[in-house]
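Now the structure itself:
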């Protein structure tokens, strides 16, 4: 199995990524995500979102979602913006629009959600994911993407 780092992520597909997250100890993921590789890994994950977007499931959904990933250097957070409109999904790491939904989570929780290794609803109920705004959208956001299963 590949090692959990930005170089290996760039060369594997979504299913292999899901298997990598599932097979890597949480402590190792947390350590990597607290270091210099954090931004590269987050960028790699978010840059794949438009390809994994399921327009047929979105219908007429129009939404701006902010993903706030905590645990950065000196307690900083990274915010990414996903815009869903006109049957398409775009992503930026420079949020410009007011979100319909803002979700805050640590990097380990985020990677478990996007790799299908965690139940987003349970994570919300246990406080690992904090959501502000349209909670109905929060409950359905996972259905808008083809999330791989390990």
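Numbering (the UniProt record's numbering), first residue to last: 1 to 150. Think of the CB as a built atom: it goes at the ideal place given N, C-alpha and C, for glycine as much as any other residue.
Cβ atoms of residue j and residue i: under 7 Å apart, would you say?
{"i": "residue 97", "j": "residue 64", "result": "yes"}
{"i": "residue 117", "j": "residue 21", "result": "yes"}
{"i": "residue 115", "j": "residue 17", "result": "yes"}
{"i": "residue 102", "j": "residue 133", "result": "yes"}
{"i": "residue 85", "j": "residue 92", "result": "no"}
{"i": "residue 40", "j": "residue 148", "result": "no"}
{"i": "residue 95", "j": "residue 79", "result": "yes"}
{"i": "residue 99", "j": "residue 66", "result": "yes"}
Count the other C-beta atoms from every protein chain shown that fall within 10 angstroms of the C-beta of residue i, then say buried if there are 16 or more, exposed otherwise.
{"i": "residue 109", "result": "buried"}
{"i": "residue 50", "result": "exposed"}
{"i": "residue 139", "result": "exposed"}
{"i": "residue 1", "result": "Bear in mind that the predicted position of residue 1 carries a pLDDT of just 47, short of 50, making it too unreliable to give a figure here."}
{"i": "residue 112", "result": "buried"}
What residues are listed by DSSP as bridge partners for residue i?
{"i": "residue 145", "result": "53"}
{"i": "residue 79", "result": "68"}
{"i": "residue 85", "result": "88"}
{"i": "residue 133", "result": "101"}
Which class does residue i belong to by DSSP, given the choice of helix, strand or coil?
{"i": "residue 118", "result": "coil"}
{"i": "residue 1", "result": "Residue placement at residue 1 is flagged as unreliable, the pLDDT there being 47, under the threshold of 50; a coordinate-derived value is accordingly withheld."}
{"i": "residue 29", "result": "helix"}
{"i": "residue 63", "result": "strand"}
{"i": "residue 156", "result": "The first residue shown for the chain is 1 and the last is 150, placing residue 156 beyond what the model contains."}
{"i": "residue 12", "result": "coil"}
{"i": "residue 128", "result": "coil"}
Quick check for students: name the residue ranges of the beta strand (DSSP E) that lie wholly in the stretch 91-116, counting only runs of 3 or more. 101-105
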